[in-house]
Amino acid sequence: MQAATDLFLELGYDRASLARIAESAEVSKATLFKQFPTKAALFDAIVTESWAGADALDLPSAGNLADGLATIGHRYAALLTRPEMTDLFRIVIAELPRFPELAKAQFSQGKMPYFESVQRYLQDETNAGTGEIADTELAATQFLGMISNFLFWPRLLVPGWTVNDVRAAEVVDEAVRTMVARYAHTR
16 MQAATDLFLE LGYDRASLAR IAESAEVSKA TLFKQFPTKA ALFDAIVTES
66 WAGADALDLP SAGNLADGLA TIGHRYAALL TRPEMTDLFR IVIAELPRFP
116 ELAKAQFSQG KMPYFESVQR YLQDETNAGT GEIADTELAA TQFLGMISNF
166 LFWPRLLVPG WTVNDVRAAE VVDEAVRTMV ARYAHTR
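Note that our numbering has the sequence shown beginning at 16, numbered continuously upward.
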């Protein structure tokens, strides 16, 4: 999958053939075609693997909004700062006019399951009485947006943009404080 990602970045989705990917990965074409019969299937697998590394479905237990959001936020920051995540988005953006299905795969198989898991966590906190969150979709968007706006989007658009681990942790901690100030249940 790394060979495919590298070739997609170098050549673009359209010009990176499965045969060339097999050659780059040093596997037989038959092996690659058996596992991924189409380029779209391979790309879908890359998207799924990229987002799976975030442990999104392993939600913290409800009961402490600040601790749970901190866990989720630090996982999200780690995910967004992985080079392959930036690479994946660059492929999708570069090929969007000709292959809109790539963006749909990125969104439906990557971003949405992750987003929905954060939304479920916020609903769990509301159900547990530790959060007062009437619109979990909006709250999840706010939380993830505070983190991605600082850690991810500049990296995608500005060559050489980096944020050190200390600063990334500060960004997450501030996002958590903002969410707790707004959404923690006040007894």
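The beta-carbon is built from N, C-alpha and C at its ideal position, and this holds for glycine as well.
Bear in mind that the values here come from a model prediction, so they are computed numbers and not experimental data.
Endpoints, alpha helix (DSSP H) assigned at residue i
{"i": "residue 16", "result": "Premise fails: residue 16 is in no alpha helix (DSSP H) and is neither H nor E."}
{"i": "residue 8", "result": "It is not possible to answer for residue 8, since the shown part of the chain is limited to 16 through 202."}
{"i": "residue 260", "result": "Past the edges of the chain, shown from 16 to 202, lies residue 260, and the structure says nothing about it."}
{"i": "residue 129", "result": "127-143"}
{"i": "residue 41", "result": "It is not in any alpha helix (DSSP H) - residue 41 carries neither H nor E in the DSSP assignment."}
{"i": "residue 88", "result": "80-95"}
{"i": "residue 107", "result": "98-110"}
{"i": "residue 77", "result": "From DSSP, residue 77 is part of no alpha helix (DSSP H); its letter is neither H nor E."}
{"i": "residue 115", "result": "115-120"}
Status (buried if at least 16 other CB within 10 Å, exposed otherwise) for residue i
{"i": "residue 194", "result": "buried"}
{"i": "residue 42", "result": "exposed"}
{"i": "residue 140", "result": "buried"}
{"i": "residue 32", "result": "exposed"}
{"i": "residue 176", "result": "exposed"}
{"i": "residue 92", "result": "buried"}
{"i": "residue 201", "result": "exposed"}
{"i": "residue 95", "result": "buried"}
{"i": "residue 57", "result": "buried"}
{"i": "residue 26", "result": "exposed"}
{"i": "residue 88", "result": "buried"}
{"i": "residue 100", "result": "buried"}
{"i": "residue 50", "result": "exposed"}
{"i": "residue 46", "result": "exposed"}
Inter-residue CB distance, residue i and residue j (contact presumed, cutoff 8 Å)
{"i": "residue 62", "j": "residue 103", "result": "7 Å"}
{"i": "residue 278", "j": "residue 198", "result": "With the chain running from 16 to 202 in the structure shown, residue 278 is simply not present."}
{"i": "residue 83", "j": "residue 136", "result": "6 Å"}
CB of residue i within 9 Å of CB of residue j, strictly
{"i": "residue 105", "j": "residue 159", "result": "no"}
{"i": "residue 55", "j": "residue 192", "result": "no"}
{"i": "residue 97", "j": "residue 132", "result": "no"}
{"i": "residue 155", "j": "residue 122", "result": "no"}
{"i": "residue 18", "j": "residue 40", "result": "yes"}
Next item on the list: Determine contact between the region 146-155 and the region 166-186, defined as no fewer than three beta-carbon pairs at a distance below 8 Å.
Entry: Taking 8 Å as the limit for Cβ pairs, the verdict is that the region 166-186 does not touch the region 146-155.
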